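J.:
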Amino acid sequence: MTVAYQVIPGRETEFHSWGWAVLRARAREPGFLGGGVLVDGEAEWHVVYRFDSESTALAWENSASWAQWAARAEGLAREAGRRTVQGSKVWFESQTDTQATTPAPAAPPRPPDKWKLWFVNMSAVFPPVLIFNLTILPFLGGVNALIRTLLLCLAVTALVTWILMPRLQRFFKKWLYPPLQALRGRHKRRTA
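Using the working numbering, the first residue of the sequence shown is number 222, and each one after it goes up by one.
1. Go through its chain and collect everything with a Cβ distance to ILE229's Cβ below 7 Å, but skip five positions before and after it.
2. Can you check DSSP and say which residues form a bridge with GLN227?
3. Given a threshold of 16 other Cβ atoms within 10 Å of its Cβ, counted over all protein chains shown, does ARG247 qualify as buried or as exposed?
4. Who does HIS237 pair with in a DSSP beta bridge?
5. Whole-angstrom Cβ separation of TYR398 and PRO333, contact assumed at under 8 Å?
6. Between the Cα of CYS374 and those of LYS395, PHE347, GLN390 and TRP396, spot the shortest distance and give me the residue it belongs to.
7. Tell me ARG232's beta-bridge partners as DSSP assigns them.
8. Are there 16 or more other CB atoms within 10 angstroms of the CB of GLY240, so buried, or fewer, so exposed?
9. By DSSP, does PHE393 sit in helix, in strand, or in coil?
10. Out of curiosity, what's the CA-to-CA distance linking ASN365 and THR378?
11. Taking the beta strand (DSSP E) that GLU250 belongs to, which residues open and close that run?
12. Alpha carbon to alpha carbon, what distance is there between GLY257 and ILE368?
13. In angstroms with no decimal places, state the Cα-to-Cα distance between GLN289 and THR382.
Next up, the structure:
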């Protein structure tokens with residue numbers, strides 16, 4: 222689901238914070254797969270929500286929680302339109318048939334190149350594997366190989382998931398998603 226908004230001039234920062242707060246609140250509920258807040262050029266802002274089913278999306282739209290969030294946005298922006306699609310294939314199809322009747326939603330950011338993802342993943346995985354092999358595994362020489370491998374996987378996966386990848390993604394954000402950063406940068410220059 223993509224909801225387009227016309228943000229009141231001067232309230233862009235507050236709207237941006239509101240959009241991400243809505244997504245964080247929704248993330249705690251079952252059926253939510255993620256989302257984002259995007260700027261469509263100079264005109265509209267889009268809040269994108271992804272759900273596991275149409276019924277979950279409808280439940281969110283009709284919930285008291287969403288009504289409260291929508292009320293908070295009233296002083297920041299007005300809703301300019303919404304679009305709901307099913308399946309990820311729709312995002313990649315041509316919008317030429319629908320453009321005559323409905324404005325196209327903001328496209329999600331293009332995924333980073335595979336080699337960039339490989340580099341970030343290797344940067345996150347290699348150091349803990351090396352440290353684990355040099356410091357912990359020598360003490361586990363008499364332990365079954367299956368148990369040693371399980372311990373290695375558990376330790377490395379935990380470190381990578383909760384500590385290293387979030388930091389590396391923030392550090393490499395501009396390199397991984399340059400078009401999205403260019404949009405955000407242009408917006409910041411415009412509001413300054």
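Glycine included, C-beta positions come from ideal geometry on N, C-alpha and C. Quick caveat: nothing in here was measured; it's all calculated off a predicted structure.
T.: So, to answer that:
1. Excluding residues up to 5 positions away in sequence, LEU297 and ALA298 lie with their Cβ nearer than 7 Å to the Cβ of ILE229 in the same chain.
2. Bridge partners of GLN227: ARG299.
3. Using a 10 angstroms sphere on the CB of ARG247, the tally of other CB atoms reaches 16 or more, which defines it as buried.
4. DSSP, once it has assigned bridges, lists no residue as partnering HIS237.
5. About 7 Å; that satisfies the 8 Å criterion.
6. Nearest of LYS395, PHE347, GLN390 and TRP396 to CYS374, Cα basis: PHE347.
7. Answer by DSSP bridge pairing: none, since ARG232 is not bridged.
8. So GLY240 ends up on the buried side.
9. In the displayed model, PHE393 falls within coil according to three-state DSSP, outside both helix and strand.
10. For the pair ASN365 and THR378, the Cα-to-Cα distance works out to about 20 Å.
11. No residue range can be given for GLU250, since it is assigned to no beta strand (DSSP E) and is classified by DSSP as neither H nor E.
12. GLY257 has its alpha-carbon roughly 40 Å from the corresponding atom of ILE368.
13. Distance from the CA of GLN289 to the CA of THR382, rounded to the nearest whole angstrom, comes to 33 Å.
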